[in-house]
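To keep things clear, I will list the structure first and then write my remarks on it.
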Amino acid sequence: MIEIKQVRKSYGSLEVLKGIDLTIDKGEVVAMIGPSGSGKSTLLQCINGLETISSGEIIVDGVSVFDKATNLNHLRRKLGIVFQSYNAFPHMTVRRNVTLALTKVLGVSRDQANAIAETQLQRVGLLAKADVYPTALSGGQQQRLGIARALAMGPSYMLFDEVTSALDPELVAEVLATLRQLSAEGMTMILVTHEMQFAREVADRVVFFHEGVIAESGPPEQIFGNPKSERLRAFVSRAG
Ligand code: ADP
Ligand code: MG
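Counting from 1, one number per residue, gives the positions in the sequence shown under full-length UniProt numbering.
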């Protein structure tokens, strides 16, 4: 599980996380919603140690992320992260994009890495594209490649930061279908999303960020159907 305790983070004099408390259990799907600039991406990056925190603690499976004794590379293998757009290596096939970190970082044999790549490409519906180059993929397919690459490392948790927001509307559904499938397989996921309908459907819990605090959290029925605070009500009605 992921335990976030009283996390504060500042960029210079700007405090962007102001005491975040959140626990994500194994198998849970947590959707993070909230206005732009409220700290959602920053928190995701702190969880896998891409950004440091000013105070508080983040613990992943009992290991404190910012403890000096923690091996961050080892910890990050547990945490797959996918961003708004995936920058594949253009001169490598889809398959090689997936196997690269396996062979170079994990020291997996080429044969074994290829087998893992095929399994994960199949999982995201891209096996037929294994031998093409990323430039031949649609935006949605590129995002699914990014997801396959992250899954290939065998993470226990997947973090998604607005993975559909750079896509043309007609490509959003195929990426959401992949996320839906991962959730059905029991993957523990944190997803920052603007897709309210999707959050409502797949999330076990929805967390509403506002100006660096969790202003409200609860099951989707409550967050979308019966928001308590005026700012969440306003946000939900704006977001549709
Ligand atoms: P969200 O993902 O909810 O839109 P972010 O976590 O990206 O919000 O940003 C929260 C705040 O932190 C914003 O005010 C943003 O401008 C600021 N911020 C984010 N990254 C940096 C950075 N690397 N340096 C300085 N300020 C940053
Ligand atoms: Mg963001």
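Just so it is clear, CB atoms sit at the ideal spot from N, CA and C, and this is done for glycine as well.
These numbers were taken from a predicted model, which means no experiment stands behind them.
Handout entry: Three-state class that DSSP yields for His-210 in the structure shown
Key = Here His-210 sits in strand by DSSP.
Handout entry: Cβ-heavy atom distance, Val-172 to the ligand ADP, below 7 Å
Key = False, no ligand heavy atom lies under 7 Å from that Cβ.
Exercise for the section: Tell me, to the nearest whole angstrom, how far the beta carbon of Ser-38 is from that of Gly-154; I am working on the premise that it is less than 8 Å. Expected result: A Cβ-Cβ separation of about 31 Å leaves Ser-38 out of contact with Gly-154 under the 8 Å criterion.
Exercise for the section: With DSSP as the reference, please indicate the residues paired to Arg-205 in a beta bridge. Expected result: Note: Arg-205 sits in a beta bridge opposite Val-30.
Handout entry: Distance between Arg-200 and Ala-128 (C-alpha atoms, nearest Å)
Key = Spanning the two alpha carbons is a distance of roughly 32 Å.
Exercise for the section: Please classify Thr-99: is it buried, with 16 or more other beta-carbons within 10 angstroms of its beta-carbon, or exposed? Expected result: Buried is the call here.
Exercise for the section: Put Ile-53 into one of helix, strand or coil per three-state DSSP. Expected result: The DSSP-derived three-state label of Ile-53 is coil.
Exercise for the section: Give every residue whose Cβ lies closer than 5 Å to any heavy atom of the ligand ADP, listed in chain order. Expected result: Answer in sequence order: Tyr-11, Val-16, Ser-36, Gly-37, Ser-38, Gly-39, Lys-40, Ser-41 and Thr-42.
Handout entry: Ser-237, DSSP secondary structure in three states
Key = Here Ser-237 carries a helix assignment [DSSP, helix/strand/coil].
Problem - Per-residue DSSP class, three states only, for Arg-8 - result: Strand at Arg-8.
Practice task
Taking Glu-174 as part of the beta strand (DSSP E), name the residues at either end of that continuous run.
Solution key: Per DSSP, Glu-174 lies in no beta strand (DSSP E) segment; the continuous alpha helix (DSSP H) that holds it begins and ends at 169 to 184.
Practice task
Report all residues from its chain with a CB closer than 8 Å to the CB of Glu-118; omit the five preceding and five following residues, and keep chain order.
Solution key: Shown here for Glu-118: same chain residues with a beta carbon closer than 8 Å to its own, the five before and five after excluded, namely Arg-95, Leu-127 and Ala-130 in chain order.
Handout entry: Cα-Cα separation between Ile-223 and Val-236, rounded to whole angstroms
Key = Looking at the two C-alpha atoms, the distance is approximately 9 Å.
Handout entry: Three-state secondary structure assigned by DSSP to Val-163
Key = Note: Val-163 maps to coil in three-state DSSP.
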